[in-house]
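**Student:**
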Amino acid sequence: MNQVLLELLKEKQALSGEEIGLRLGISRAAVWKQINRIKERNISVESVHGKGYRINHLPGKGIIPELLFNAIQPIDLEIFHYPSLGSTNTRAKELALNIPHHFLVICDEQTAGRGRRGRSWLSNQGLDLTFTLGLYIEDEIMNFFRYTIITALSVYEVLSEYSPHFAIKWPNDILWKDKKICGILSEMITEAKDIRNVLIGVGININSEAALETAQTLQEITGQSHDLNLLLSEFIKKIFSYLPLIHQGRFPEILELWKQNLAWMGQEVVLTEGDHVMTGTLIDASEDGSLLLQDKSGIRHIHSGDLNRSLRPIP
Ligand code: BTN
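For the sequence shown, the residue numbers in numbering that gives the first Met the number 0 are 0 to 314.
And the structure:
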């Protein structure tokens, strides 16, 4: 990250090279070098006569990690931004091995996005959000699902500020009027039978046009384009507001909120798991994040599978 840009973005007025150098403990020549690097990124730096430098224009689209870093303060998160990556989850797995703290991997273009159950995830360069949050966490493996739940709830809550029609599709997609806008792929790295890292990969359709009939984008919902830096900072702040609750024994409160916003509660749904298809009424979710489906033979606990709304009316 460019330290000079971080300083300039914090200020509305111009900052002199001397002041920036003092703040960062670097020479004026080093400041000047960094200013040139900022300009190479199509960020316009104005030289105000006798006063110093000021950022007067940021490119409209795309992630600016320095902007994101300032927006999420005081959250301690190392940011890795790439113009193009195969998969942010794959990169996060590599980075996690050497990083003993929380970090974020974000890219402008993801060329081989991975989805759940071996599926792929499509996104558009500079228009959608594709990121992985690498949480450095010690917890029991059985609590892994909790981190996905706080992420799904956080994305749901932030998106719900734009429209009332969002819902969480079990286990962790976000839908808008039954169309998918966000998918989450969580993975973990373990050490001596405990979690060491949780890698939460999130793809959200923001400023693109939906590629599939079953998908939706935020721009299509609201009729306007959205600032990716601002949205991403909101998602991160929300996730980090829930994170400490897990370790304070307050996960049941989070689960309750997640449950209240699950799609198709009380309705007939179809669950597909490989060749096995079952239909039932979605009646509840339990404290381990599994679903309770009721059919003629009783109540079933569902731990995995693909859930969809049943198109058949309840008999
Ligand atoms: C799904 O709906 O099946 C989950 C999709 C998860 C996609 C995101 S995009 C960022 C991160 N990197 C990946 O390769 N996948 C996740």
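The C-beta atom is built at its ideal place from N, Cα and C for all residues, glycine as well. The structure displayed is predicted, hence computed values, not measured ones.
#1: In the DSSP assignment, find the alpha helix (DSSP H) that holds residue 2 and state where it starts and stops.
#2: Report yes if the C-beta distance between residue 184 and residue 173 is below 8 Å; otherwise report no.
#3: Within 7 Å: the Cβ of residue 202 and any heavy atom of ligand 2?
#4: Return the bridge partner residues of residue 186 from the DSSP annotation.
#5: Assign residue 199 to buried or exposed, taking buried as 16 or more other Cβ atoms, counted over all protein chains shown, within 10 Å of its Cβ.
#6: Tell me whether the beta-carbon of residue 207 lies closer than 8 Å to the beta-carbon of residue 216.
#7: Touching or not, the segment 242-255 and the segment 188-199, by the rule of three or more beta carbon pairs under 8 Å?
#8: When you compare only the Cα positions, how much space is there between residue 105 and residue 265?
#9: When we look at the beta-carbon of residue 262 and count the other beta-carbons within 10 Å, is it buried (16 or more) or exposed?
#10: Residue 294 and residue 304 look like a contact to me (Cβ under 8 Å); what is the Cβ gap, rounded to whole Å?
#11: Taking the alpha carbon of residue 117 as the point to measure from, which residue in 46, 186, 258, 277 has its own alpha carbon closest?
#12: On the DSSP bridge list, what partners appear for residue 51?
#13: Drop a sphere of 10 angstroms on the beta-carbon of residue 213, count the other beta-carbons inside from all chains shown, and report buried for 16 or more, exposed for fewer.
#14: Please go through the same chain and pick out, in chain order, the residues whose beta-carbon is closer than 6 Å to the beta-carbon of residue 171, but skip the five residues on each side of it.
#15: Would you kindly report the start and end of the unbroken beta strand (DSSP E) that includes residue 105?
**Tutor:** Straight from the coordinates:
#1: If you number the sequence shown from 1, residue 2 lands on position 3. Looking at the DSSP string, the run of the alpha helix (DSSP H) that includes residue 2 is 2-9.
#2: Numbered from its first residue, the sequence shown carries residue 184 at position 185. Numbered from its first residue, the sequence shown carries residue 173 at position 174. Result no, Cβ atoms of residue 184 and residue 173 do not sit closer than 8 Å.
#3: In the structure shown, ligand 2 is absent; the only ligands present are ligand 1.
#4: Counted from its first residue, the sequence shown places residue 186 at position 187. Paired residue(s): 198.
#5: If you number the sequence shown from 1, residue 199 lands on position 200. With 16 or more other Cβ atoms within 10 Å, it is buried.
#6: Counting from 1 along the sequence shown, the entry for residue 207 is found at position 208. Counting from 1 along the sequence shown, the entry for residue 216 is found at position 217. Contact flag set, yes.
#7: With a cut-off of 8 Å, the segment 188-199 and the segment 242-255 do not count as touching, because too few Cβ pairs lie within range.
#8: Here the question's residue 105 lines up with position 106 in the sequence shown. Here the question's residue 265 lines up with position 266 in the sequence shown. Cα to Cα, residue 105 sits roughly 37 Å from residue 265.
#9: Working through the sequence shown from its first residue, we reach residue 262 at position 263. Residue 262 should be labelled buried.
#10: Start at 1 with the first residue of the sequence shown, and residue 294 comes out as number 295. Start at 1 with the first residue of the sequence shown, and residue 304 comes out as number 305. The Cβ separation is near 14 Å, so there is no contact.
#11: Sequence index remark: in the sequence shown, residue 117 carries index 118 (1-based). Closest option to residue 117, Cα to Cα, is 186.
#12: Taking the first residue of the sequence shown as 1, we reach residue 51 at position 52. Paired residue(s): 47.
#13: The residue you call residue 213 lines up with position 214 of the sequence shown. In this structure residue 213 is exposed. Its beta-carbon is surrounded by fewer than 16 other beta-carbon atoms within 10 angstroms.
#14: On the sequence shown, residue 171 is found 172 positions in, with the first residue counted as 1. Excluding sequence neighbours, residue 171 sits near 147, 151, 183.
#15: One-based indexing of the sequence shown puts residue 105 at position 106. Here the beta strand (DSSP E) through residue 105 covers 102-109.
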